[in-house]
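Each residue of the sequence shown is one higher than the last, beginning at 7 in my numbering.
Heads up, the beta-carbon is just placed ideally off N, CA and C, and yes, glycines get one too.
In what follows, a single structure is set out as structure tokens and then discussed.
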Amino acid sequence: MISLNNSEDPFEEHYGWKVERSCVRREVENIAMLAFEYVENRLLGLATQFQNQEPPKKRCGWNRILVELDGCQIRTGINIPTETQKLTPRRRIKKCKRQLRSCT
């Protein structure tokens, strides 16, 4: 349902036409049907286009990819909850203690 309470009066004052609720509903339904048909046709066209594609004759890409890390993405610790019932001042969650572990 469309709310016209705030927009009906200024529209009528400006253009001099009275906006009927049924008229707005009909227009919205017509636009919705057009949009629905457009989306359905577009999806059908894309699906057909995708199905008609031929697979590449030669694989485009590398057999292996070399990835180098500088160590910044290796986790070096775990959080362990403390025995106390203290909460953090800002987020009000249980305090944890970080225990470092070796990367090997």
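Is the separation between the beta-carbon of residue i and that of residue j shorter than 8 Å?
i	j	result
residue 83	residue 98	no
residue 93	residue 100	yes
To the nearest angstrom, how far is the alpha carbon of residue i from that of residue j?
i	j	result
residue 46	residue 54	12 Å
residue 63	residue 85	51 Å
residue 25	residue 38	19 Å
residue 60	residue 34	41 Å
If I measure Cβ to Cβ from residue i and keep anything under 6 Å in the same chain, skipping five residues before and after, which residues do I get?
i	result
residue 17	25
Let me see if you follow: with CB-CB separation under 8 Å, is residue i close to chain E or not?
i	result
residue 64	Annotation note: the requested chain E is absent from the structure, which comprises a single protein chain.
Tell me which residues share the same chain as residue i and place their Cβ nearer than 8 Å to its Cβ, disregarding the 5 neighbours each side in the sequence.
i	result
residue 130	One cannot answer for residue 130 here, as it falls past the ends of the chain, which runs 7 to 110.
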